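Chains as they are written, first to last, in my numbering: chain A, 1 to 341; chain B, 1 to 301. Okay, so here's the structure we're looking at.
See below:
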């Protein structure tokens, strides 16, 4: 019994030690391959805070994890249409981003976004577009969403689509000319028919290894994000990011702090760090999306400045998805469940 | 003996087992109860549950509200359940076909080498299942380990398209769970009295008859245990269906995962889990009854 007590005491001591050390820590939960290690190293060197990064594959996964009571994350990176949901569900907390010293660098045109007009919750990470990308061997030019949603025969079993409804349904809405977050069952029926017919051509529902699918030739066309397509191209995959004439889905990912965060001050330090143009430029250089911080362009490489994925045609129609009402959301979920059956 | 220990034998036994009751209670019963309760609640539109009782999750297994909210019969989920059973059955059969000869071969080795072989069988468990499943993408995929030499030799002209098919899922499942088939079969074969084989041979049984009438009946408990150990995790698997099946053909495991992550319908996910659980319990009851029957028969013999 005495020995048992000693073990208990030792364990308790270890646990307290652990939490004492947690003072200098920061836990980031971000999308896969979305956090450049050199940025983390720079932050660690400047602040002495030890950073750990964990990854997820979709906004839906992040939301489900937070709803399930996941604790221990100090920063998460949802897209704009998930921020209001997280605010309403009480999953993220106010951290007065407007009060941070580097807030002055916030690009004017991105200020007062509808998902967080006063900047109480969110600091910018990256913004970009969702469209599709195609293999050099594909015969089309990628100038219409028709090529993605109603593919030609050469794409049978060679098409890859994102595995969650969020962006796919929005893109289908753009193609069909249906407003985002439609509450009209008849309109959503059209979306459902389109996606069910598209499934005949789909080889995989995937949003993590699209560039590998193109590189191996397993897919000739995949759903893709602009910056991630650039990374695939730089790694040698024969990828072309498409700018269809109907338009593309835009998104804006922000840093927010979960209500259960233990290291709120460290999270704010990181937010401030990221609003410094030098640091944000490192992220943009690494990821190849857009940033919302003034003065980053001077640090960009020539390669980034001329990359086709970050230089869309000037008349490109970029549409940002709002947060859907529960009714519209339930229609989207029904459509997607049907597609997945 | 300390005075605080219970006096009675039963009390002391209970106290001795208390830690295991505690562990089973916390790590098994409590989550199952939560799951059971959730399955009778209403979903919150943005994930989580509302504390309102509802049978919707169970109705949803067989019926659906179409986009205009009419209740219609929906075989979709039944198809997924059926597909899961088919694929799990296929994978179990493949495991048995490959696992039995391996176990038999190991049993025939000299004793010192047997342990080494068993040790080799457990080596894959040292690596994460996700990584091992990813390796199959390189093996089966376009321009992968299998295709490249065949293409180079001119035996095939186009890709075999092995990835992202039911076959790929079955291979992935078989690979993942093969050790769980080999180990119990080996355990029962190891106890086999090989003099029985000689006796059968003396009585003019040929090799095939020795196998079917002596070896297989005697190691049947191991075969059944192996089949159950493989079949049950296959039913709930979602790594292989997602990575090797491309996430297009949902299986029960991926369907449950989908309900919690994307569709934000926790009650339905819980109801599906309860269904899966009942399937497992029914299988185990059959096994227990068969085992008891066998004991009775052996006792009377």
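Every residue gets a Cβ at the ideal spot worked out from N, C-alpha and C, and that includes glycine. Just so you know, these numbers come straight off a predicted model, no measurement behind them.
Using only the alpha-carbon positions, how far apart do residue i and residue j sit?
i                      : j                      : result
residue 89 of chain B  : residue 250 of chain B : 16 Å
residue 125 of chain A : residue 216 of chain A : 31 Å
residue 106 of chain B : residue 281 of chain A : 60 Å
residue 246 of chain A : residue 236 of chain A : 29 Å
residue 182 of chain B : residue 46 of chain A  : 54 Å
residue 296 of chain B : residue 218 of chain B : 16 Å
residue 226 of chain B : residue 103 of chain B : 11 Å
residue 209 of chain B : residue 165 of chain B : 38 Å
residue 200 of chain B : residue 101 of chain B : 20 Å
residue 151 of chain B : residue 142 of chain A : 30 Å
residue 82 of chain B  : residue 293 of chain B : 30 Å
residue 261 of chain B : residue 254 of chain B : 10 Å
residue 211 of chain B : residue 205 of chain B : 9 Å
residue 35 of chain A  : residue 283 of chain A : 8 Å
residue 191 of chain B : residue 96 of chain B  : 19 Å
residue 220 of chain A : residue 167 of chain A : 20 Å
residue 57 of chain A  : residue 30 of chain A  : 9 Å
residue 178 of chain A : residue 187 of chain A : 7 Å
residue 160 of chain A : residue 213 of chain A : 8 Å
residue 281 of chain B : residue 196 of chain B : 36 Å
residue 306 of chain A : residue 69 of chain A  : 43 Å
residue 103 of chain A : residue 170 of chain B : 53 Å
For residue i, would you say it is in contact with chain A, using Cβ-to-Cβ distances shorter than 9 Å as the test?
i                      : result
residue 111 of chain B : no
residue 69 of chain B  : yes
residue 310 of chain B : There is no way to answer for residue 310 of chain B, as the model of chain B reaches only from 1 to 301.
residue 163 of chain B : yes
residue 333 of chain B : The first residue shown for chain B is 1 and the last is 301, placing residue 333 of chain B beyond what the model contains.
residue 34 of chain B  : no
residue 159 of chain B : yes
residue 248 of chain B : yes
residue 45 of chain B  : yes
residue 64 of chain B  : yes
For a cutoff of 9 Å on Cβ pairs, would you count residue i as touching chain B?
i                      : result
residue 127 of chain A : no
residue 206 of chain A : yes
residue 70 of chain A  : no
residue 61 of chain A  : yes
residue 173 of chain A : no
residue 211 of chain A : no
residue 22 of chain A  : Per-residue confidence for residue 22 of chain A stands at a pLDDT of 45, beneath the threshold of 50, marking its modelled position as unreliable; the derived number appears in the next sentence. So no, residue 22 of chain A is outside the interface.
residue 345 of chain A : No answer is possible for residue 345 of chain A: it lies beyond the span of chain A, which begins at 1 and ends at 341.
residue 93 of chain A  : no
residue 340 of chain A : yes
Starting from residue i, follow the alpha helix (DSSP H) in both directions and report where the run begins and ends.
i                      : result
residue 340 of chain A : 326–340
residue 14 of chain B  : 9–24
residue 210 of chain A : 210–216
Span of the beta strand (DSSP E) holding residue i?
i                      : result
residue 179 of chain B : Not the beta strand (DSSP E): residue 179 of chain B falls in the alpha helix (DSSP H), residues 166–190.
residue 126 of chain A : 123–135
residue 50 of chain B  : 49–53
residue 204 of chain A : 202–205
residue 272 of chain A : No beta strand (DSSP E) contains residue 272 of chain A, which is instead part of the alpha helix (DSSP H) from 264–274.
residue 175 of chain A : No beta strand (DSSP E) holds residue 175 of chain A; the alpha helix (DSSP H) holding it covers 165–176.
residue 221 of chain A : 221–225
residue 239 of chain A : 239–241
residue 250 of chain A : 248–255
residue 116 of chain A : No beta strand (DSSP E) contains residue 116 of chain A, which DSSP labels as neither H nor E.
Inspect the beta-carbon positions of residue i and residue j and report whether they are closer than 9 Å.
i                      : j                      : result
residue 76 of chain B  : residue 67 of chain A  : no
residue 106 of chain A : residue 271 of chain A : no
residue 43 of chain A  : residue 273 of chain A : yes
residue 134 of chain B : residue 229 of chain B : no
residue 132 of chain A : residue 313 of chain A : no
residue 229 of chain A : residue 210 of chain A : yes
residue 65 of chain B  : residue 65 of chain A  : no
residue 323 of chain A : residue 263 of chain B : no
residue 256 of chain A : residue 92 of chain A  : yes
residue 72 of chain B  : residue 85 of chain B  : no
residue 234 of chain B : residue 122 of chain B : no
residue 271 of chain B : residue 58 of chain B  : yes
residue 328 of chain A : residue 182 of chain A : yes
residue 231 of chain B : residue 174 of chain B : no
Quick test of your reading: residue i and residue j, contact by CB under 8 Å. State the CB separation rounded to the nearest angstrom.
i                      : j                      : result
residue 226 of chain A : residue 310 of chain A : 7 Å
residue 164 of chain A : residue 249 of chain A : About 13 Å separates the two Cβ atoms, so there is no contact after all.
residue 252 of chain A : residue 37 of chain A  : Wrong, their Cβ atoms sit about 24 Å apart, outside the cutoff.
residue 339 of chain A : residue 176 of chain A : Not confirmed; about 15 Å, so no contact.
residue 73 of chain A  : residue 27 of chain A  : 5 Å
For residue i, decide whether its Cβ has a neighbour in chain C, counting only Cβ atoms nearer than 9 Å.
i                      : result
residue 142 of chain B : Protein chains in the displayed structure are A and B, and chain C is not among them.
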